[in-house]
Amino acid sequence: MSHYRHVGDIPAKRHTQHRRPDGGLYYEELVGEEGFSSDSSLLYHRGVPSALSDARVWDLPDDGLVLNSPLIPRHLRLHELFKDSADVDAVTGRRAVLGNADVRIAYVVAGESSPLYRNAVGDECVYVESGTGVVETVFGALHVADGDYVIIPRGTVHQWVPTSELRLYCIEAASHITPPGRYLSKYGQFLEHAPYCERDLRAPSEPLVREGEHVEVYVRHRGGGTVHVHATHPFDVVGWDGCLYPYAFNVRDFEPITGRIHQPPPAHQVFAGRNFVICNFVPRKVDYHPLSVPVPYYHSNVDSDEVMFYCGGNYEARKGSGIGQGSVSLQPGGHTHGPQPGAVERSLGAEFFDELAVMVDTFAPLRLGAAAAGCEDPAYAWTWNVRR
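The numbering used here numbers the first residue of the sequence shown as 2 and each following residue consecutively.
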């Protein structure tokens, strides 16, 4: 994020001595993007943050991706993937369903606390479909619940601790994830036309300090996976300040942009990454021109693949397709898609849609993850072919 926060105990001036009560020095760490040229924060540790006592290979879960071939739209029923979350955690239990070089989409139903985890490949945007928990981070803790987006910057050591079963839709970037640039001033403030603003964001408000030695941190990096054993607990930060930190934003705080005729998907955008965007479709008043057609028109994804995760309400345009709660639809570039037969007529005169969905549009083709085969609806591609 581009706006400044100050948490805990920090010195009056950066890069100056900051001493513990016993007179020893705290260890200053700069966490920054783009080689000192973009957003950053300064963290003050009790121990040396780079001190390792051991390391070993972490064999990552199956990340294999296969072509969407033959090229057809797909329907994945994510709720079929996990029958029992008792021994599953939110990091090692993730199952990849779609991905390309820019973004990986995974799903997990977690009942156990995860190991400490650092994604060194890119930022993560994790949508909490249901459940409650705490995301403990080196910056402090975030309490999360259904409807929360949790944005975790690249390299942030964190841990997912469920307080009830968590269903998580994980969007893992190979880049940074930010609010769309058109929502921000040239200095980074949210503008008046933005559908959310700084008041809607929740960030850690106090340090989270833990004791420990020889503490394991699971690291996903560009070469694979490694477990680093830290000499002291990474959660030893007594204070930090800056513009780079994890935060949560609840989808209920997104103010939908509506119009007299149907608004295109960019009106629903919430975040952006390199070569992909994230949008959300929320309960809203729909188009109010007297001749409006509230459901989407048929459209071709000339430059992108479209992924929709259906997580609440009733999605009017997809009635009759088999889509339901926990479904993911993939509409690949090269295929025209739109409402199911009969949906246009049924929508005429509607004034409100009670629907909730998270959409990811990618500008490179998506491949199918290993978990996709285990939850695909094989009839979906043919559901538009209905005799009238």
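In this text, a Cβ means the ideal position worked out from N, Cα and C, and glycines have one as well.
### Message
Quick check: the Cα distance between residue 387 and residue 338, rounded to an integer number of angstroms?
### Response
14 Å
### Task
Indicate the three-state DSSP secondary structure (helix, strand or coil) for residue 389 in the structure shown.
Note that residue 389 has pLDDT 43, beneath the 50 cutoff, so the model's placement of it is unreliable and no number is given.
### Task
Classify residue 140 as buried or exposed, calling it buried when 16 or more other Cβ atoms lie within 10 Å of its own Cβ.
buried
### Query
Thinking just about the alpha-carbon of each residue, which of 97, 176, 344, 147 is nearest to the one in residue 354?
344
### Query
Does the Cβ of residue 218 have 16 or more other Cβ atoms within 10 Å, making it buried, or fewer, making it exposed?
buried
### Query
What did DSSP end up calling residue 41 once you bin it into helix, strand or coil?
strand
### Query
To which residues of the same chain is residue 17 closer than 7 Å at the C-beta, ignoring the five residues directly before and after it?
none
### Task
Can you tell me which of 130, 114, 280 puts its alpha carbon nearest to the alpha carbon of residue 327?
130
#### Entry: Cβ-Cβ distance between residue 161 and residue 111 below 8 Å
yes
### Task
Could you tell me whether the stretch 132 to 148 touches the stretch 59 to 74, using the rule of 3 or more Cβ pairs below 8 Å?
no
### Task
Since I believe residue 312 is in contact with residue 358 (beta carbons under 8 Å), could you give me their beta-carbon distance rounded to a whole number of angstroms?
6 Å
### Task
Return yes when the Cβ of residue 151 is within less than 8 Å of the Cβ of residue 145, no when it is not.
yes
### Query
If we count the other Cβ atoms within 10 Å of its Cβ and call it buried at 16 or more, is residue 194 buried or exposed?
exposed
#### Entry: Three-state secondary structure (DSSP) of residue 253
helix
### Task
Could you spell out where the alpha helix (DSSP H) holding residue 348 opens and where it closes?
344 to 348
#### Entry: Three-state class that DSSP yields for residue 219 in the structure shown
strand
### Through-space distance from residue 70 to residue 135, alpha-carbon basis
40 Å
### Message
Our contact map puts residue 42 next to residue 241 with C-beta atoms below 8 Å; I'd like the distance itself, whole angstroms only.
### Response
5 Å
#### Entry: Under the three-state DSSP convention, the category residue 184 falls into
helix
### Query
How long is the line joining the alpha carbons of residue 389 and residue 383, rounded to whole angstroms?
Reliability of the predicted coordinates at residue 389 is poor, the pLDDT of 43 falling under 50, and the value obtained from them is presented with this limitation in mind. In a straight line, the C-alpha of residue 389 is about 15 Å away from that of residue 383.
#### Entry: Outcome for residue 90 when other beta-carbon atoms lying within 10 angstroms are tallied against a minimum of 16
buried
### Own chain residues within Cβ distance below 7 Å of residue 296, not counting five before or after
317, 318, 340, 344, 345, 348
### Message
Quick check on residue 108: does DSSP put it in helix, strand or coil?
### Response
strand
### Query
Between residue 32 and residue 178, what straight-line distance do the alpha-carbon atoms span, to the nearest angstrom?
16 Å
#### Entry: Euclidean distance between Cα positions of residue 57 and residue 265
48 Å
### Message
Could you check whether residue 234 and residue 212 sit closer than 8 Å to each other, using their CB atoms as the reference points?
### Response
yes
### Message
Can you tell me where the beta strand (DSSP E) holding residue 172 begins and where it ends?
### Response
167 to 174
### Query
Exposed or buried, which one is residue 272 when buried takes at least 16 other CB atoms within 10 Å?
buried
### Message
Give me the DSSP bridge partner(s) of residue 29.
### Response
45
### Task
For residue 245, collect the residues of the same chain with a Cβ closer than 8 Å to its Cβ; drop the 5 residues on either side in sequence, then sort them by chain order.
2, 32, 33, 34, 40, 41, 42, 154
### Query
If you compare alpha carbons, which of 229, 361, 96 is closest to residue 306?
361
### Task
Kindly identify the DSSP beta-bridge partner or partners of residue 157.
DSSP, once it has assigned bridges, lists no residue as partnering residue 157.
### Assigned secondary structure, residue 319 (DSSP; H/G/I helix, E/B strand, else coil)
helix
### Task
Express the C-alpha separation of residue 175 and residue 289 in angstroms, rounding to a whole number.
40 Å
### Task
State the beta-bridge partners of residue 227 as determined by DSSP.
58, 220
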